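Novice: Have a look at the structure that comes next, please.
Chains as they are written, first to last, in my numbering: chain A, 133 to 450; chain B, 361 to 641.
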């Protein structure tokens, strides 16, 4: 299916894209809020909770995206990604390490040297987080990251163009970046849902990105609030589910930003299971972009093992 | 004209500067000394304790780094606010415990005075316990007492207000944050004190108050890795051994006290930091 251009749903022209997007039904905002809130009340306990914690750990894209990042910090993050709890080898490695472009080589090299060849490096590219740069720069940015060893590219869309209705510009950018990624790297497309304002826009952006060749659709950069709110993730999960019915291709979803504790993470897993289905409950189709979350997952895991509450003083700070 | 219906107070918990209900949704009955129903306070669960620890831990750094002078002012402010609501507390205590209004008034006044007494200690405790140590080298060597972190307090069953103030005041004087479990049989003055604290410029999370059963919650206080110290003055004697054992696992400092006003109560939940400083720099 994938080899067929744009899944045979559009021909790549401005008109065909607009026609496709305009026919998408609107999102019932009140309904989406209510359904996400209802799914958030599910109680996950004992063995299910244990499974959910380990699954969530394996889905974390352990992230550091600060101007103050250093090689040392990235290396420490890599060590944590491979063995999140050094005292407990049964804790799975995380889904990926997510860093800025210039730290990709550092991360890859360090992961390989500490037995973390199975942990991919994700790079935020295309002038992350604003996306305000020329296409030439965005393409070079992506090429740099892949050359340095990034197996996953997290690109941002041009929200300005999207909000002004220039869907084809956004579409063509994703197509161009996808071409560079080719088979070498997975492409995650970041919408920055906090700037898209409405659920209708989130749905439109989801389909636009999927048609253009995204392997994953991702909520946010983590730099803007609100980010991965449950209703937004619900709308995106519905989009990948419906897209699978149309094309037979499963696209992944990555909520990022604002998921800080175990409860939030388990709510996300419930959303996935109840919306897209259990097939999506795997790191190859669902990731959680986070930094503080991992410590809380580890502390909850310790609590389940030991029977008493853990302290942040017993897990690493970053 | 119909008779006015009284507006009864719902007694809730005090966590992170807010008044949430217990997440468990449970309550229990509190009766006065004559067996008359008084109120349904929250029966807090271990998850409420967990939330309170998160709030207390988040508040610790700011409170510990506030100047001693500022902490003293805030403790004094609690006394001021309590003074302003004296009559309410006198009425509550005498209704709940059956003591005469005169005795209740004595207890409220003693509580206010005790807050003022501890307020005075904030900037003096380091002079009492700190030291300049003689060392064999060109260094100044200082030992300074600092706050421990998050401290739990199991309040005594009797003297619902004075015993409660005697627990939380010394803990917060040094810059600790506290999670207090109010007296099981007489929790209402403690919860009313929460309203006083909430309006006294005490930063959110510095004082957190739960109501519930000490037999249920004390083991969770003791085993929680993120609670650094525990005042078990109000714990039943038969539970003490179990609690000390659970606390030993995480090296928790566990103390109980008989005296109401004692600098020892402050120092029990402080730890010493020693600083070396070269002479002539």
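Ideal placement from N, C-alpha and C gives every residue a C-beta, glycine not left out.
Keep in mind that this is a model prediction, so the values were computed, not measured.
1. For residue 449 of chain B, report the span of its alpha helix (DSSP H) as first-last.
2. Would residue 169 of chain A count as contacting chain B if we go by Cβ distances under 8 Å?
3. Of the residues that make up the segment 573-607 of chain B, which ones have a beta carbon closer than 8 Å to any beta carbon in chain A?
4. Is the Cβ of residue 373 of chain B closer than 8 Å to any Cβ of chain E?
5. Can you list, in chain order, the residues of its chain whose CB lies under 7 Å from that of residue 557 of chain B, leaving out five sequence neighbours each side?
6. Check residue 318 of chain A in the structure and name its three-state DSSP category.
7. Could you compute how far the alpha carbon of residue 610 of chain B sits from the alpha carbon of residue 586 of chain B?
8. I'd like to know if residue 410 of chain B contacts chain A, where contact means its C-beta is closer than 8 Å to some C-beta of that chain.
9. For chain B, find out if any of its Cβ atoms is closer than 8 Å to the Cβ of residue 216 of chain A; answer yes or no.
10. Taking residue 592 of chain B as the reference, give the member of B/515, B/425, B/474, B/426 with the closest Cα.
11. Using a Cβ cut-off of 8 Å, pull out every chain B residue sitting near residue 180 of chain A, in sequence order please.
12. Would you mind stating whether residue 191 of chain A and residue 419 of chain A have Cβ atoms separated by less than 8 Å?
13. Thinking residue 577 of chain B and residue 404 of chain B are a contact (beta carbons under 8 Å), I'd like their distance in whole angstroms, please.
14. Taking residue 196 of chain A and residue 205 of chain A to be in contact with their CB atoms under 8 Å, please state how far apart those CB atoms are, rounded to whole angstroms.
15. Please return the same chain residues whose Cβ sits closer than 8 Å to the Cβ of residue 246 of chain A, not counting the five positions on each side in sequence.
16. Alpha carbon to alpha carbon, what distance is there between residue 512 of chain B and residue 543 of chain B?
17. Can you tell me whether residue 374 of chain B is buried or exposed, with buried defined as 16 or more other CB within 10 angstroms of its CB?
18. I'd like to know if residue 442 of chain A contacts chain B, where contact means its C-beta is closer than 8 Å to some C-beta of that chain.
19. Quick one: what's got a C-beta closer than 6 Å to residue 318 of chain A's C-beta in the same chain, skipping five residues either side?
20. Let me check understanding here. Comparing Cα to Cα, which of A/314, A/297, A/154, A/168 lies closest to residue 405 of chain A?
21. Taking C-beta pairs closer than 8 Å, name the residues in chain B that residue 446 of chain A reaches, listed in chain order.
22. Check this for me: beta carbons of residue 409 of chain A and residue 386 of chain A, under 8 Å apart or not?
23. In chain order, what residues of the same chain have a beta carbon less than 8 Å from the beta carbon of residue 459 of chain B, not counting five sequence neighbours either side?
24. Using a Cβ-Cβ cutoff of less than 7 Å, which residues in the same chain neighbour residue 356 of chain A once the five nearest sequence positions on both sides are dropped?
25. Pop quiz: residue 562 of chain B and residue 417 of chain B are said to be a contact at Cβ under 8 Å. What is the actual Cβ separation, rounded to whole angstroms?
26. Roughly how many angstroms lie between the CA atoms of residue 239 of chain A and residue 269 of chain A, to the nearest whole one?
27. Do residue 447 of chain A and residue 427 of chain A have their beta-carbon atoms positioned less than 8 Å apart in this structure?
28. I'd like to know if the segment 294-307 of chain A and the segment 337-351 of chain A are in contact, where contact means that at least 3 CB-CB pairs between them fall below 8 Å.
29. Could you check the C-alpha separation between residue 208 of chain A and residue 449 of chain A for me, to the nearest Å?
30. Could you tell me which whole beta strand (DSSP E) segments of length 3 or greater appear in the segment 211-268 of chain A?
31. Run the CB neighbour count on residue 500 of chain B, radius 10 Å, all protein chains shown included, and call it buried at 16 or more, exposed below.
32. Considering only the beta carbon of each residue, do residue 367 of chain A and residue 382 of chain A sit closer than 8 Å?
33. Taking the alpha carbon of residue 361 of chain A as the point to measure from, which residue in A/374, A/143, A/166, A/150 has its own alpha carbon closest?
34. Can you tell me which residues form a DSSP beta bridge with residue 571 of chain B?
35. Are there three or more Cβ pairs, one per stretch, closer than 8 Å when the segment 389-397 of chain B is compared with the segment 407-427 of chain B?
Specialist: Taking the definition as stated:
1. Position 89 of the second chain, counted from the first residue, corresponds to residue 449 of chain B. Start and end: 446-457.
2. Within the first chain, numbered from 1, the residue matching residue 169 of chain A stands at position 37. Not one chain B Cβ lies under 8 Å of residue 169 of chain A.
3. 580, 583, 584, 585, 586, 606
4. In the structure shown, chain E does not exist; the protein chains are A and B.
5. Start at 1 with the first residue of the second chain, and residue 557 of chain B comes out as number 197. Answer for residue 557 of chain B: 438, 567, listed in chain order.
6. Sequence index remark: in the first chain, residue 318 of chain A carries index 186 (1-based). DSSP places residue 318 of chain A in strand when its eight states are reduced to three.
7. Position 250 of the second chain, counted from the start, is the residue given in the question as residue 610 of chain B. Position 226 of the second chain, counted from the start, is the residue given in the question as residue 586 of chain B. Roughly 9 Å between the two C-alpha positions.
8. The count along the second chain starts at 1 and reaches residue 410 of chain B at position 50. Closer than 8 Å: yes.
9. Taking the first chain and counting its residues from 1, the one referred to as residue 216 of chain A is at position 84. Answer no: the Cβ-Cβ gap between residue 216 of chain A and chain B never drops below 8 Å.
10. Along the second chain, one-based indexing puts residue 592 of chain B at 232. The shortest C-alpha separation from residue 592 of chain B is found at B/515.
11. Numbered from 1 along the first chain, position 48 holds the residue referred to as residue 180 of chain A. Going along chain B, no residue has its Cβ under 8 Å from residue 180 of chain A, so there is no contact; the nearest lies around 18 Å.
12. One-based indexing of the first chain puts residue 191 of chain A at position 59. One-based indexing of the first chain puts residue 419 of chain A at position 287. Their beta carbons are under 8 Å apart, which means residue 191 of chain A touches residue 419 of chain A by this criterion.
13. Along the second chain, read from residue 1 onward, the residue named residue 577 of chain B stands at position 217. Along the second chain, read from residue 1 onward, the residue named residue 404 of chain B stands at position 44. That belief holds up - the Cβ atoms of residue 577 of chain B and residue 404 of chain B are roughly 7 Å apart, short of 8 Å.
14. If you number the first chain from 1, residue 196 of chain A lands on position 64. If you number the first chain from 1, residue 205 of chain A lands on position 73. Their Cβ separation, rounded to whole angstroms, is 6 Å, which keeps residue 196 of chain A and residue 205 of chain A in contact under 8 Å.
15. Within the first chain, numbered from 1, the residue matching residue 246 of chain A stands at position 114. Within the same chain, residue 246 of chain A has close Cβ partners 210, 211, 214.
16. As a first step, residue 543 of chain B must be located in the second chain, where it is residue number 183. As a first step, residue 512 of chain B must be located in the second chain, where it is residue number 152. So the alpha carbons of these two residues sit roughly 13 Å apart.
17. Along the second chain, read from residue 1 onward, the residue named residue 374 of chain B stands at position 14. Burial call: buried.
18. Stepping through the first chain from its first residue, residue 442 of chain A is reached at position 310. Yes, residue 442 of chain A counts as interfacial toward chain B.
19. Numbered from 1 along the first chain, position 186 holds the residue referred to as residue 318 of chain A. If we look at residue 318 of chain A and ignore the five residues flanking it on each side, its Cβ neighbours are 284, 347.
20. Residue 405 of chain A sits at position 273 when you count from the first residue of the first chain. Taking only the C-alpha atoms, the option nearest residue 405 of chain A is A/168.
21. Counting from 1 along the first chain, the entry for residue 446 of chain A is found at position 314. Within chain B, the residues near residue 446 of chain A are 585.
22. Residue 409 of chain A sits at position 277 when you count from the first residue of the first chain. Residue 386 of chain A sits at position 254 when you count from the first residue of the first chain. No, they are not a contact pair.
23. Locating residue 459 of chain B in the second chain gives position 99, counting from the first residue. Cβ neighbours of residue 459 of chain B beyond the five flanking positions: 453, 467.
24. Residue numbering aside, residue 356 of chain A sits at position 224 when the first chain is read from its first letter. Closer than 7 Å at the Cβ level, and outside the excluded window around residue 356 of chain A, lie 324, 326, 327.
25. On the second chain, residue 562 of chain B is found 202 positions in, with the first residue counted as 1. On the second chain, residue 417 of chain B is found 57 positions in, with the first residue counted as 1. The pair is not a contact, with the Cβ atoms about 16 Å apart (cut-off 8 Å).
26. Reading the first chain from its first residue, position 107 is the one you call residue 239 of chain A. Reading the first chain from its first residue, position 137 is the one you call residue 269 of chain A. So the two alpha carbons sit approximately 23 Å from each other.
27. Against the first chain, residue 427 of chain A aligns to sequence position 295. Against the first chain, residue 447 of chain A aligns to sequence position 315. Result yes, Cβ atoms of residue 427 of chain A and residue 447 of chain A sit closer than 8 Å.
28. yes
29. Your numbering for residue 208 of chain A matches position 76 in the first chain. Your numbering for residue 449 of chain A matches position 317 in the first chain. Whole-angstrom Cα-Cα distance: 10 Å.
30. 228-232, 253-257
31. Reading the second chain from its first residue, position 140 is the one you call residue 500 of chain B. Flag for residue 500 of chain B reads exposed.
32. As a first step, residue 367 of chain A must be located in the first chain, where it is residue number 235. As a first step, residue 382 of chain A must be located in the first chain, where it is residue number 250. No, Cβ-Cβ distance for residue 367 of chain A and residue 382 of chain A is not below 8 Å.
33. Your numbering for residue 361 of chain A matches position 229 in the first chain. It is A/166 whose Cα lies nearest to the Cα of residue 361 of chain A.
34. The count along the second chain starts at 1 and reaches residue 571 of chain B at position 211. Per DSSP, none; premise fails for residue 571 of chain B.
35. no
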